[in-house]
Amino acid sequence: MSGAAVRRRQRHPAIVLLERFLPVLVISFALVAWELLAILNVAQKFVNPVFFPGSLKVAASAWEMALTGELAQHLGASLSRVVFGFSIAAVIGVPLGTVAGRNRWISGLLDPIISVLRPIPPIALLPIMVVWLGIGDTSKIIFIAYAAFFQIFLTTYNGVQSVEPLFLRAAQTLGASRWRIFRKVVLPAAMPHIVTGIRLGFSVSFFVIVAAEFIGASAGLGFLIFESRVYFEVDKMMVAAVTIGALGFAFDFTMKRIERRLFRWRL
Amino acid sequence: MQGQTGAASVQARGIRKVFTTGSTDTLVLDDVSVTVDPAGFTCLLGPSGCGKSTLLNMVAGFVEPDEGEITVDGRRISSPGADRGMVFQEYALFPWLTAAENVAFGPEGRGLPRAELKRVVASYLKLVGLEKFGDHYPNRLSGGMRQRVALARALANQPRVLLMDEPFGALDALTRQLLQEELLRIWLAEKATIIFVTHSIREAVSLATSIVVMTRRPGRIKETIKVDLPYPRVQSSREFIEIERHLDALVRAEVEA
Ligand SMILES: Nc1ncnc2c1ncn2[C@@H]1O[C@H](COP(=O)(O)OP(=O)(O)O)[C@@H](O)[C@H]1O
Ligand SMILES: [Mg+2]
């Protein structure tokens, strides 16, 4: 430990600085390369330049869409569906995963159902949900909820099941009741898994919302991509894609920070 | 212990245990009967795999005997309970709780008022010399400190019997020696009934008032030896070495048999 600290102190400050900003550098480099490629394409016509806007053009479109409120409208539509669907998934997934992880009867009932449903990519069920629930928001929200549920349920279930038996024994010899063991041992022990499940569940929600909005939506980032295709507005498609990427990244980043703070005892 | 009227007596009578894994049955304990003196320090000594942990886990209530019964103060044991505290070799501290919160776990469950709880936790942390480390998480503590916290946690719940399964087995020699001395000090002060599992002859002779030697699997009781040397015991004394030699012969016969 002290060895590592000493070595770190000896490293050149310029290298430390470089390492800190490496991700930013890499992304900047990629954006420049993209723009150069687009300029080259205009000269050489590898593909129709309309289909391949440079990073500056995309940034300009994003700026314009932000000013007109177009971006906010689509972003809002997607986000509200994601938040709705994800919340349903979390509200059902966490308690059900917890109970199933503690109760052999319930897990025995759920296990076969989940084993059969899990290998089916949620997207495969989207058209069925549209047939059942119509083309509006309901089917999209339920679809997201379904996809995120699996992630949240399974991670929670595994977390609760993998609680170190030694902890349970220790609590028993300290005279803890079943309820106290659940609240004070099982839940805190499984909490890192549960929070990870929630983070992954949210990521899944973002993953599938785009597909859901390809079908019968009038707003949303997925709709924006699909709609722009008709008018060859590749820049708008890219704005939508990058927005989704940035949002997912920001959420992941925040959640990981929260996790690190919440579970400091793990370090 | 503190606040208890006398220490508990523990009895195992005619214990038999078979573990079944797949299609093979393993007879682990066969007709084991042990009487543990109240306020005594009893060591279970035997080659590894002879069933010491199994027997201790039965007293704790984690494992059911196939035949026979275990009683504490005459009452038959069927499940784990607060009257039998346990210290595990792997410490088993709750990593999401600080040292003080770990120690508080037992008494808090009994609904001790806040102020009282604080006082109890402080006194037991002090008992194991960790009054300054109450707000440390276990992963920031050394192995020896963790085991001290685990001991304080078990004691703070005021069990009638303290069960210890090779509690110092994972510690380095020096730390082990220190903790043995500390355990003796605490035991003499609190007049606890202790059942202590070990496969170290020297550890048994250093600590115990009574040493129960087990045969190799299937574990039976080979011999019970009373040790009435005064504490602290001098490992180079003639009596110490004599007992050590005797035990060595007994255990050696088991390992080589
Ligand atoms: N839950 C179990 N299932 C099957 N076999 C077990 C189980 N617990 C212990 N055993 C076996 O019983 C024997 C005695 O184990 P244990 O009581 O841990 O011995 P010791 O503590 O003396 O080393 C060993 O052979 C071990 O493999
Ligand atoms: Mg053992």
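Residue numbers (the working numbering), protein chains in the order written: chain E, 1 to 267; chain U, 1001 to 1257.
Backbone N, C-alpha and C define an ideal beta-carbon position, used for all residues, glycine too.
Note that this is a predicted model, so its numbers are computed, not measured.
Short of 6 Å in beta carbon distance, which residues of its chain neighbour E:Gly220, apart from the five on each side in sequence? Order them along the chain. Along the first sequence, one-based indexing puts residue 220 of chain E at 220. So the qualifying residues of the chain are His74, Ala77, Ser78, Glu213.
Taking only heavy atoms of ligand 1 into account, decide whether any of them is closer than 6 Å to the Cβ of U:Lys1052. As a working note, residue 1052 of chain U is residue 52 in the second sequence. True, at least one ligand heavy atom lies under 6 Å from that Cβ.
What three-state label does DSSP hand U:Ala1039 in the structure shown? In the second sequence, counting from the first residue as 1, residue 1039 of chain U sits at position 39. U:Ala1039 falls in the coil class under three-state DSSP.
If we cut at 7 Å on Cβ distances, does E:Thr173 have a partner in chain U? Taking the first residue of the first sequence as 1, we reach residue 173 of chain E at position 173. It does: the Cβ of E:Thr173 has a partner Cβ on chain U nearer than 7 Å.
Would U:Ala1082 count as contacting chain E if we go by Cβ distances under 7 Å? Taking the second sequence and counting its residues from 1, the one referred to as residue 1082 of chain U is at position 82. Yes, because at least one Cβ of chain E sits closer than 7 Å to the Cβ of U:Ala1082.
For the beta strand (DSSP E) containing U:Ala1100, name the first residue and the last one. In the second sequence, residue 1100 of chain U corresponds to position 100, counting from 1. Careful: U:Ala1100 lies outside any beta strand (DSSP E), inside the alpha helix (DSSP H) at 1099-1109.
Is any beta-carbon of chain E found at less than 7 Å from that of U:Gly1134? Position 134 of the second sequence, counted from the start, is the residue given in the question as residue 1134 of chain U. Closer than 7 Å: no.
What separation, rounded to the nearest whole angstrom, lies between the Cα atoms of E:Phe249 and E:Lys256? Along the first sequence, one-based indexing puts residue 249 of chain E at 249. Along the first sequence, one-based indexing puts residue 256 of chain E at 256. Going by the C-alpha atoms only, they are around 11 Å apart.
Would you kindly check if the distance between the Cβ of U:Met1164 and the Cβ of U:Phe1196 is under 7 Å? Along the second sequence, read from residue 1 onward, the residue named residue 1196 of chain U stands at position 196. Along the second sequence, read from residue 1 onward, the residue named residue 1164 of chain U stands at position 164. Cβ atoms of U:Phe1196 and U:Met1164: closer than 7 Å.
Determine the extent of the beta strand (DSSP E) in which U:Arg1016 is found, giving its start and end residues. Translated into the one-based positions of the second sequence, residue 1016 of chain U becomes position 16. Note, U:Arg1016: beta strand (DSSP E), 1010-1021.
In angstroms with no decimal places, state the Cα-to-Cα distance between U:Arg1148 and U:Leu1179. As a working mapping, residue 1148 of chain U is identified with position 148 in the second sequence. As a working mapping, residue 1179 of chain U is identified with position 179 in the second sequence. Going by the C-alpha atoms only, they are around 8 Å apart.
E:Phe251 versus E:Leu262, E:Lys236, E:Val204, residue with shortest Cα-Cα distance: The residue you call residue 251 of chain E lines up with position 251 of the first sequence. Out of E:Leu262, E:Lys236, E:Val204, E:Val204 has the C-alpha closest to the C-alpha of E:Phe251.
Just to confirm my understanding: we take E:Ser107, look at its own chain, exclude 5 residues before and 5 after, and list those with CB closer than 6 Å. What are they? Locating residue 107 of chain E in the first sequence gives position 107, counting from the first residue. Excluding residues within five positions, the ones whose Cβ falls inside 6 Å are Ala100.
E:Asn103: buried (16+ other C-beta within 10 angstroms of its C-beta) or exposed? One-based indexing of the first sequence puts residue 103 of chain E at position 103. Exposed.
Quick one: what's U:Met1214 bridged to in DSSP? Taking the first residue of the second sequence as position 1, residue 1214 of chain U is located at position 214. According to DSSP, U:Met1214 bridges with U:Ile1221.
With 7 Å set as the bound, which would you pick, yes or no: does the beta-carbon of E:Ala170 sit closer than that to a beta-carbon of chain U? Taking the first sequence and counting its residues from 1, the one referred to as residue 170 of chain E is at position 170. Closer than 7 Å: yes.
Output the boundary residues of the beta strand (DSSP E) element that contains E:Arg20. As a working mapping, residue 20 of chain E is identified with position 20 in the first sequence. Here E:Arg20 belongs to no beta strand (DSSP E); instead the alpha helix (DSSP H) covers 13-20.
Apart from the five residues just before and just after E:Glu164, which ones in its own chain have a Cβ nearer than 8 Å to its Cβ? As a working mapping, residue 164 of chain E is identified with position 164 in the first sequence. The answer, listed in chain order, is Ala189.
Which chain U residues sit within Cβ distance under 8 Å of E:Val185? By one-based count along the first sequence, residue 185 of chain E stands at place 185. What E:Val185 touches in chain U: Phe1094.
List, in chain order, every chain E residue whose beta-carbon is nearer than 8 Å to that of U:Arg1110. Position 110 of the second sequence, counted from the start, is the residue given in the question as residue 1110 of chain U. Per Cβ cutoff of 8 Å: Gly175.
Output the boundary residues of the alpha helix (DSSP H) element that contains E:Phe223. In the first sequence, the residue the question calls residue 223 of chain E occupies position 223. Segment 221-230, the alpha helix (DSSP H) holding E:Phe223.
Considering only residues of the same chain and omitting the five flanking positions on each side of U:Val1032, which have a CB-CB separation below 7 Å? The residue you call residue 1032 of chain U lines up with position 32 of the second sequence. Correct list, in chain order: Ala1012, Ile1015, Leu1055, Gly1219, Arg1220, Ile1221.
What is the rounded straight-line gap between the Cα of E:Leu110 and the Cα of U:Ser1009? In the first sequence, residue 110 of chain E corresponds to position 110, counting from 1. In the second sequence, residue 1009 of chain U corresponds to position 9, counting from 1. Each residue's Cα considered, the two are about 47 Å apart.
Rounded Cβ spacing between U:Pro1138 and U:Pro1095 (contact assumed at less than 8 Å): As a first step, residue 1138 of chain U must be located in the second sequence, where it is residue number 138. As a first step, residue 1095 of chain U must be located in the second sequence, where it is residue number 95. Yes, they are in contact, since the Cβ atoms of U:Pro1138 and U:Pro1095 sit about 5 Å apart, within 8 Å.
Can you list, in chain order, the residues of its chain with a C-beta nearer than 8 Å to that of U:Leu1250? Leave out the 5 residues immediately preceding and following it. Looking up residue 1250 of chain U in the second sequence gives position 250. Cβ neighbours of U:Leu1250 beyond the five flanking positions: Val1213, Lys1222, Glu1223.
Flag this pair as yes or no: are the beta carbons of U:Gly1085 and U:Pro1167 separated by less than 7 Å? Translated into the one-based positions of the second sequence, residue 1085 of chain U becomes position 85. Translated into the one-based positions of the second sequence, residue 1167 of chain U becomes position 167. No, the Cβ-Cβ distance between U:Gly1085 and U:Pro1167 is not below 7 Å.
Distance, Cα to Cα, E:Arg183 vs E:Ala171? Here residue 183 of chain E is taken as the residue at index 183 of the first sequence, counted from 1. Here residue 171 of chain E is taken as the residue at index 171 of the first sequence, counted from 1. Their backbone Cα atoms lie some 11 Å apart in a straight line.
Express the C-alpha separation of U:Ser1123 and U:Ser1237 in angstroms, rounding to a whole number. In the second sequence, counting from the first residue as 1, residue 1237 of chain U sits at position 237. In the second sequence, counting from the first residue as 1, residue 1123 of chain U sits at position 123. When rounded, the distance between both Cα atoms is 35 Å.
U:Gln1177 to U:Ala1007, Cα distance in whole Å? Along the second sequence, read from residue 1 onward, the residue named residue 1177 of chain U stands at position 177. Along the second sequence, read from residue 1 onward, the residue named residue 1007 of chain U stands at position 7. Rounded to the nearest angstrom, the two C-alpha atoms are 26 Å apart.
In chain order, what residues of the same chain lie with their CB nearer than 8 Å to the CB of E:Ala66, ignoring the 5 residues before and after it? For the purposes of this step, residue 66 of chain E is taken as residue 66 along the first sequence, with counting starting at 1. Closer than 8 Å at the Cβ level, and outside the excluded window around E:Ala66, lie Ala72.
Assigned secondary structure, U:Gly1051 (DSSP; H/G/I helix, E/B strand, else coil): As a first step, residue 1051 of chain U is located in the second sequence; it is residue number 51 there, counting from the start. Here U:Gly1051 sits in coil by DSSP.
Per-residue DSSP class, three states only, for E:Asp235: Mapped onto the first sequence, residue 235 of chain E falls at position 235. Here E:Asp235 sits in helix by DSSP.
Looking at the secondary structure, which residues open and close the beta strand (DSSP E) in which U:Leu1128 lies? To locate residue 1128 of chain U, count along the second sequence from 1; it is residue 128. Position check: residue 1128 of chain U holds Val in this sequence, whereas Leu was assumed. From DSSP, U:Val1128 is part of no beta strand (DSSP E); its letter is neither H nor E.
Determine the contact status of U:Phe1133 and U:Ala1099, defining contact as a CB-CB distance below 7 Å. Within the second sequence, numbered from 1, the residue matching residue 1133 of chain U stands at position 133. Within the second sequence, numbered from 1, the residue matching residue 1099 of chain U stands at position 99. Contact: yes.
Neighbour-count burial assignment, U:Ala1189, 16 or more Cβ in a 10 Å radius: In the second sequence, the residue the question calls residue 1189 of chain U occupies position 189. Exposed: under 16 other Cβ atoms inside 10 Å.
E:Val47 - DSSP class collapsed to helix/strand/coil: Here residue 47 of chain E refers to the residue found at position 47 of the first sequence. It is coil, neither helix nor strand.
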